[in-house]
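Q:
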Amino acid sequence: MESHLEKQDRDVLQKSFEEMISTLPKVNFWGLPLDLYQYQGFWITLPFLQGALSAQQQFQAQPTDIILCSSLRTGYSKSQNTQPIQLDEAFELFYEGVSMYGSYWDHVLGYWKASLEHPDKLMFLKYEDLVENTVLYLKKIAEFIGYPFSSEEQQEGVPENIVQMCSFENLSGLEVNKTGNIVKGKEIWS
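Take 16 as the starting number for the sequence shown in this note's numbering and just add one per residue.
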C-alpha cells in the first residue's frame, strides 16, 4: 500500500512532468492519433517521455545492474484513426528531423564523426561511393572485417565476380526472384 509521502512524491513528480512537457515543441506524428514531443534532440511519445524523465530523475545505477533494451514490438499495425499524410508533408517532417528516435541527419552525423574518431571500429560508407566504385569498396570492406582478398584472388578477378553475382541485374534474373518459388531437390517451396 502506498504511503501518504509516496503519494505526495508521485504527485509532485507528475506535476513537474506536466509543467515541463508544456514547454516542449510538439507535433502530430505523420497522421497518427498521437503527438510527439521533442526532448534532448529526440521526438518521442508521451509515455516514453514520462519513462525517460522518471529514469533520469530517479534511477541510480548500481555496478550489478544489467539493462536490456528492446523494441516493444517488431510488427506494425495500422490504427483505425490513422489519417493519410501527403508525400510532401512527410518529406518536410523528415527533413526537419521530426521522426521517431530523432533526426536522421543527426544520427548519420554521429556515425560519421565516430568513424573519424575510431576508423578501426566503424566504417562509414556512402551509397553514392559504393555505386561509383563497387569493387574498390568491396575490397575495403573485406579488409575492414579482417578478410582481405589475397593477391591471387585479386588476379583471378574474385572481387569483380562477387560484384557481378550480387548485381541487381543478376539477382533480379534468378528464377526465385521471378516466380517466388525456391526449388530444392524435387520439391518446390513457395
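The beta carbon of each residue, even a glycine, is placed where N, CA and C say it ideally should be.
Among L137, D135, K136, Y152, which one has its Cα closest to the Cα of E143?
A: Your numbering for residue 143 matches position 128 in the sequence shown. The option with the nearest alpha carbon to E143 is Y152.
Q: In the DSSP output, what is I59 paired with across the bridge?
A: Reading the sequence shown from its first residue, position 44 is the one you call residue 59. Y52.
Q: When you compare only the Cα positions, how much space is there between K193 and L186?
A: For this step, residue 193 is matched to residue 178 along the sequence shown. For this step, residue 186 is matched to residue 171 along the sequence shown. Looking at the two C-alpha atoms, the distance is approximately 10 angstroms.
Q: Would L137 and S130 qualify as a contact pair, given that the criterion is a beta-carbon distance under 8 angstroms?
A: For the purposes of this step, residue 137 is identified with residue 122 of the sequence shown, where counting begins at 1. For the purposes of this step, residue 130 is identified with residue 115 of the sequence shown, where counting begins at 1. Yes. Within cutoff.
Q: Below 8 angstroms on the Cβ atoms is my guess for V150 versus V178; work out the distance and round it to an integer in Å.
A: Residue 150 sits at position 135 when you count from the first residue of the sequence shown. Residue 178 sits at position 163 when you count from the first residue of the sequence shown. Going by Cβ atoms, the distance from V150 to V178 rounds to 5 angstroms, so yes, they are a contact pair.
Q: Pick helix, strand or coil for K22, following the three-state DSSP scheme.
A: As a first step, residue 22 must be located in the sequence shown, where it is residue number 7. DSSP places K22 in helix when its eight states are reduced to three.
Q: Straight-line CA distance for G9 to Y126?
A: Lying before the first or after the last residue shown, residue 9 is absent from the chain, which here runs from 16 to 205.
Q: For the ligand ZN, any of its heavy atoms closer than 7 angstroms to the Cβ of E158?
A: No copy of the ligand ZN occurs in the structure displayed, which carries no ligand at all.
Q: For A67 and Y54, which I take to be in contact (beta-carbon distance under 8 angstroms), what is that distance rounded to the nearest angstrom?
A: By 1-based counting over the sequence shown, the position of residue 67 is 52. By 1-based counting over the sequence shown, the position of residue 54 is 39. Confirmed, about 7 angstroms.
Q: For V42, does the three-state DSSP call read helix, strand or coil?
A: Residue 42 sits at position 27 when you count from the first residue of the sequence shown. V42 falls in the strand class under three-state DSSP.
Q: Please report the Cβ distance between D121 and G56, rounded to the nearest whole angstrom; I am assuming they are in contact, meaning their Cβ atoms lie under 8 angstroms.
A: In the sequence shown, counting from the first residue as 1, residue 121 sits at position 106. In the sequence shown, counting from the first residue as 1, residue 56 sits at position 41. With 8 angstroms as the limit, D121 and G56 qualify as a contact, their Cβ atoms being about 6 angstroms apart.
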